[in-house]
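Trainee: Let me give you the structure first, and then I'll get to my questions.
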Amino acid sequence: MPRWQEQLIKIDDYHWQIPQSYKSGMRVPGLIYASEEMLKSISAEQTPEQVANVAFLPGIVKFSLAMPDIHWGYGFPIGGVAAMDIKDGVISPGGVGYDINCGVRLLRTNLSETEVKPKINELISKLFANVPSGLGSEGKIKVSQKEMEQLMVEGARWAVRHGFGWEEDLDVTEEDGCVKGADPSKISDKAIKRGMPQAGTLGSGNHFLEIQAVKEIFEPKIASIMGINEIGQILVLIHTGSRGFGHQVCTDHLRVMEEAVSKYGIKIPDRQLACAPLESQEGKDYLAAMACAANYAWNNRQCITHWARESFSKIFGKNPEELGMRQIYDVCHNIAKMEEHIVDGQKIKVCVHRKGATRAFPPGHKDIPQRYKEIGQPVLIPGDMGRCSFIAVGTQKAMEESFGSTCHGAGRVLSRGAARRSLKGKDVLRELERRGITVKAGNIPSLAEEASQAYKDVTKVIDVVHQAGISKKVAMAVPVGVIKG
Amino acid sequence: MIKRTFEIIDHTADVGIIAYGIDVRELFSNAALALFSLITETESIEEKLRRDLEIMSEDRDSLLIEWLNELIYLFDAEHILFSRFDIENLSSNQLKATCYGESFDPLRHKIKTGVKAATYHMLKIDKDSGGYKAQVIFDV
Chain A
1340 MPRWQEQLIK IDDYHWQIPQ SYKSGMRVPG LIYASEEMLK SISAEQTPEQ VANVAFLPGI
1400 VKFSLAMPDI HWGYGFPIGG VAAMDIKDGV ISPGGVGYDI NCGVRLLRTN LSETEVKPKI
1460 NELISKLFAN VPSGLGSEGK IKVSQKEMEQ LMVEGARWAV RHGFGWEEDL DVTEEDGCVK
1520 GADPSKISDK AIKRGMPQAG TLGSGNHFLE IQAVKEIFEP KIASIMGINE IGQILVLIHT
1580 GSRGFGHQVC TDHLRVMEEA VSKYGIKIPD RQLACAPLES QEGKDYLAAM ACAANYAWNN
1640 RQCITHWARE SFSKIFGKNP EELGMRQIYD VCHNIAKMEE HIVDGQKIKV CVHRKGATRA
1700 FPPGHKDIPQ RYKEIGQPVL IPGDMGRCSF IAVGTQKAME ESFGSTCHGA GRVLSRGAAR
1760 RSLKGKDVLR ELERRGITVK AGNIPSLAEE ASQAYKDVTK VIDVVHQAGI SKKVAMAVPV
1820 GVIKG
Chain B
19 MIKRTFEIID HTADVGIIAY GIDVRELFSN AALALFSLIT ETESIEEKLR RDLEIMSEDR
79 DSLLIEWLNE LIYLFDAEHI LFSRFDIENL SSNQLKATCY GESFDPLRHK IKTGVKAATY
139 HMLKIDKDSG GYKAQVIFDV
């Protein structure tokens, strides 16, 4: 893969522009959030070219944006944000990604690291047994086709209605755990067949459930509103998405979009950017199907939340309420959302594509829960399993600059193959254990792919978004135990 | 001369293959074998069942993607692993094949990677004097 050789225009230390004149066909400039040091790895592949390609899409407004954790994806870069005017813009499944509503959820506890450490092996084993994970893992909940259809429409509420989790969990989930407009008639039989057995599962790959200990609190007041009060406090982070169901939805609709591109005469520089006008039947059908997959993913994280609480409860002999296992927040990082934003002084409705990017709404925004109105929307940024994760909040600047969006994680630097060639899963496991992190994984060799060395340092990623002002860091936590599929 | 069947290539977040074939049929068959070699050790797959597949698409590029996505679907939804593919009929937009393999058995089949979709990203089918060559990137 050749390096990207063109010059980026420096706006300031954290903003880099690809001018609209870079390529004929770009409708807006590209804007990359990064430090000078990070640009080297960003340009090591053709990622900036992908940022420029996204700028070709009809209806795109202001910028084709890229977060500092950006890396090369198919069509859209991962870490890309693009907002399309709903009047003349398009929707692109590639701008959402295959794993629709891949996202993270964070729970707090009243437990401290000193209470959890002595029982960590027991706890991790319990979680591993209790949360269905791994490739081709089948759920503990068996849903009929009819229930599957309800689940697609209701999202996390379906789980809560069936006793998995608490009503208040929904209040602190993006969109209350349910995107409106889900229409099961837009879902293929294949997607249903892939989705039914995988409902309520963690999956494999980079998905995980992590027990963390708070290591640093940068904003004590904001943290305390989230229920994060002291160093050493134990948190639970859940990272998963819509499994094979979301992938099938994306695959099915990309095929439809392929035809739509020629039908509507849309010019795109990469086939994987296939799209259709938001107002077209093809566009509406995809949005209705995407909502089903997003809701399916929320149901997954909701079920897993319940089993995590159940596992803690068994090991510590107290009920989850006594353990203070409230949900802090749940964010998606692969989705397209209809939102109002100010562009050129005018409030307009846009469809914001976030692919490997997180919503970061500011204090006072109408779409954030009452509990967080004062502090802004919590943003959850997981790092790799050997380093740390961050909790941040959205800002007004994000609203003005990045369509209320920020980064989503560390971002890969080593391909899976390169990681496997240079590292052994067993050694990664041993190294983590040497550092006091207990790991239980269904597939040990694949641990190499998720090793620290395969990822950018999330600390540097968060520093860029913090310094650029599109989110504010609140706390940092380190892993104590991890389960992976 | 050793006949080339396929090789595995790297892609930052995902993984890819380059498949070879003296004709398009062999190309499609080797691409499918490469896919299952990403998922497991194909030598461990016995021929215990067969499945007839028929795929239709707009052009040869998308036919290849649809073909691979159908096989991914069969593994994800029905847990079937295949190791032999007889492509009986192949035009620029239609394919008929008989696939041989068996149901996934966690005791005998070591899972390497969970492949979730074949993408159009960097998709290339080339022909030279030695035959055909196809590059496909998978989402994993």
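Here the protein sequences line up with chains A and B, keeping their order. With the first letter of the first sequence counted as 1, position 423 gets the number 1762 in our numbering; the numbers rise by one all the way through. With the first letter of the second sequence counted as 1, position 13 gets the number 31 in our numbering; the numbers rise by one all the way through. Cβ coordinates follow ideal geometry from the N, Cα and C atoms, glycine included.
Determine whether the Cβ of residue 1749 of chain A lies closer than 8 Å to any Cβ atom of chain B.
Mentor: So, not an interface residue.
Trainee: DSSP three-state label for residue 1692 of chain A, please.
Mentor: Looking at residue 1692 of chain A - three-state DSSP - the assignment turns out to be strand.
Trainee: Straight-line CA distance for residue 1615 of chain A to residue 1431 of chain A?
Mentor: Looking at the two C-alpha atoms, the distance is approximately 7 Å.
Trainee: Taking only beta-carbon positions, decide if residue 106 of chain B is within less than 8 Å of chain D.
Mentor: In the displayed structure, chain D is absent; the protein chains listed are A and B.
Trainee: By how many angstroms is the C-alpha of residue 1691 of chain A removed from the C-alpha of residue 1422 of chain A?
Mentor: In a straight line, the C-alpha of residue 1422 of chain A is about 4 Å away from that of residue 1691 of chain A.
Trainee: Do the stretch 73 to 91 of chain B and the stretch 107 to 126 of chain B touch if we need at least three Cβ pairs shorter than 8 Å?
Mentor: At 8 Å Cβ cutoff, the stretches touch.
Trainee: In the stretch 130 to 148 of chain B, which residues sit with their C-beta less than 9 Å from some C-beta in chain A, listed in chain order?
Mentor: Those residues of the stretch 130 to 148 of chain B that come within reach of chain A (Cβ to Cβ, closer than 9 Å) are 130, 131, 132, 134, 135, 136, 137, 138, 139, 140 and 141.
Trainee: So, for residue 1807 of chain A: in the same chain, excluding its five sequence neighbours on each side, which residues have a beta-carbon less than 6 Å away from its beta-carbon?
Mentor: Result list for residue 1807 of chain A: 1353 and 1372, in chain order.
Trainee: Examine chain A for any beta-carbon lying closer than 8 Å to the beta-carbon of residue 19 of chain B, and answer yes or no.
Mentor: With a pLDDT of only 49 at residue 19 of chain B, under 50, the local geometry of the prediction cannot be trusted, and the value read off the model is given with reservation. Answer no: the Cβ-Cβ gap between residue 19 of chain B and chain A never drops below 8 Å.
Trainee: Between the Cα of residue 100 of chain B and the Cα atoms of B:84, B:68, B:82 and B:85, which residue gives the shortest distance?
Mentor: Among B:84, B:68, B:82 and B:85, the Cα nearest to that of residue 100 of chain B is on B:68.
Trainee: Closest Cβ-Cβ distance between residue 155 of chain B and chain A: below 8 Å?
Mentor: It does: the Cβ of residue 155 of chain B has a partner Cβ on chain A nearer than 8 Å.
Trainee: Residues of chain A with a CB under 8 Å from the CB of residue 73 of chain B: which are they?
Mentor: Neighbours of residue 73 of chain B on chain A: none; closest Cβ ~12 Å, over 8 Å.
Trainee: Which value, in whole angstroms, describes the spacing of the CA atoms of residue 1554 of chain A and residue 103 of chain B?
Mentor: C-alpha separation (whole angstroms): 54 Å.
Trainee: Taking DSSP as the reference, what is the three-state secondary structure of residue 1546 of chain A?
Mentor: If DSSP states are grouped into helix, strand and coil, residue 1546 of chain A belongs with coil.
Trainee: Can you list the beta strand (DSSP E) stretches of 3 or more residues lying completely in the stretch 1399 to 1484 of chain A, in chain order?
Mentor: Whole beta strand (DSSP E) segments, 3+ residues: 1399 to 1410, 1417 to 1424 and 1442 to 1451.
Trainee: If you draw a straight line from the C-alpha of residue 1503 of chain A to the C-alpha of residue 1606 of chain A, how long is it?
Mentor: Distance between the alpha carbons of residue 1503 of chain A and residue 1606 of chain A is about 46 Å.
Trainee: Taking only runs that begin and end inside the stretch 1553 to 1622 of chain A, name each unbroken beta strand (DSSP E) of 3 or more residues, in chain order.
Mentor: If we require 3 residues or more, the beta strand (DSSP E) runs fully inside the stretch 1553 to 1622 of chain A come out as 1572 to 1579.
Trainee: Just checking, does the stretch 1373 to 1386 of chain A make contact with the stretch 1708 to 1725 of chain A on the three C-beta pairs under 8 Å criterion?
Mentor: Not touching, per the Cβ criterion.
Trainee: So residue 32 of chain B and residue 157 of chain B are supposed to be a Cβ contact under 8 Å. How far apart are they, rounded?
Mentor: Contact holds; Cβ gap of about 6 Å.
Trainee: Do you know whose CA, among A:1380, A:1413 and A:1408, lies nearest residue 1392 of chain A's CA?
Mentor: The option with the nearest alpha carbon to residue 1392 of chain A is A:1413.
Trainee: For residue 1611 of chain A and chain B, any beta-carbon pair shorter than 8 Å?
Mentor: So yes, residue 1611 of chain A belongs to the interface.
Trainee: Smallest Cα separation from residue 126 of chain B: which of B:140, B:62 and B:83?
Mentor: Ranking B:140, B:62 and B:83 by Cα distance to residue 126 of chain B puts B:62 first.
Trainee: Taking the straight line between their C-alpha atoms, what separation do you get for residue 1802 of chain A and residue 1546 of chain A?
Mentor: Rounded to whole angstroms, residue 1802 of chain A to residue 1546 of chain A spans 24 Å at the Cα level.
Trainee: Return the chain-ordered list of same chain residues with a C-beta closer than 6 Å to the C-beta of residue 1525 of chain A, the five sequence neighbours on each side being excluded.
Mentor: Excluding positions up to five away in sequence, the list reads 1624, 1627 and 1628.
Trainee: What are the partner residues of residue 136 of chain B, as DSSP defines its beta bridges?
Mentor: DSSP, once it has assigned bridges, lists B:156 as partnering residue 136 of chain B.
Trainee: Please list the partners that residue 1782 of chain A has in chain B, where partner means a Cβ-to-Cβ separation under 7 Å.
Mentor: Chain B residues near residue 1782 of chain A: 129.
Trainee: Going along chain B in order, which residues have a C-beta closer than 7 Å to the C-beta of residue 1715 of chain A?
Mentor: Near residue 1715 of chain A there are no residues of chain B at all, since even the closest Cβ is about 30 Å away, more than 7 Å.
Trainee: Residues of chain B with CB under 7 Å from residue 1590 of chain A, in chain order?
Mentor: Within chain B, the residues near residue 1590 of chain A are 87 and 135.
Trainee: Is there a Cβ from chain B that is less than 8 Å from the Cβ of residue 1532 of chain A?
Mentor: Closer than 8 Å to some Cβ of chain B, the Cβ of residue 1532 of chain A qualifies, so yes.
Trainee: With distances taken from CA atoms, which of A:1406, A:1465, A:1409 and A:1435 is nearest residue 1654 of chain A?
Mentor: It is A:1465.
Trainee: Taking the alpha-carbon positions, what's the residue 1362 of chain A to residue 1348 of chain A distance?
Mentor: Approximately 15 Å between the Cα atoms of the pair.
Trainee: Tell me the DSSP secondary structure of residue 107 of chain B in three-state form.
Mentor: Correct three-state label for residue 107 of chain B: strand.
Trainee: Quick one: residues in its chain with C-beta nearer than 7 Å to the C-beta of residue 1531 of chain A, no 5 flanking neighbours on either side, listed in chain order?
Mentor: Hits under 7 Å: 1484 and 1487.
Trainee: Under 8 Å, do residue 1673 of chain A and residue 1517 of chain A count as touching if we go by C-beta distance?
Mentor: Their beta carbons are not under 8 Å apart, which means residue 1673 of chain A does not touch residue 1517 of chain A by this criterion.
Trainee: Quick check: what's the CA-CA separation for residue 1359 of chain A versus residue 36 of chain B?
Mentor: If you take the alpha carbons of residue 1359 of chain A and residue 36 of chain B, they lie about 35 Å apart.
Trainee: Which same chain residues, not among the five before or five after residue 1663 of chain A, have their C-beta less than 6 Å away from its C-beta?
Mentor: Within the same chain, residue 1663 of chain A has close Cβ partners 1448 and 1449.
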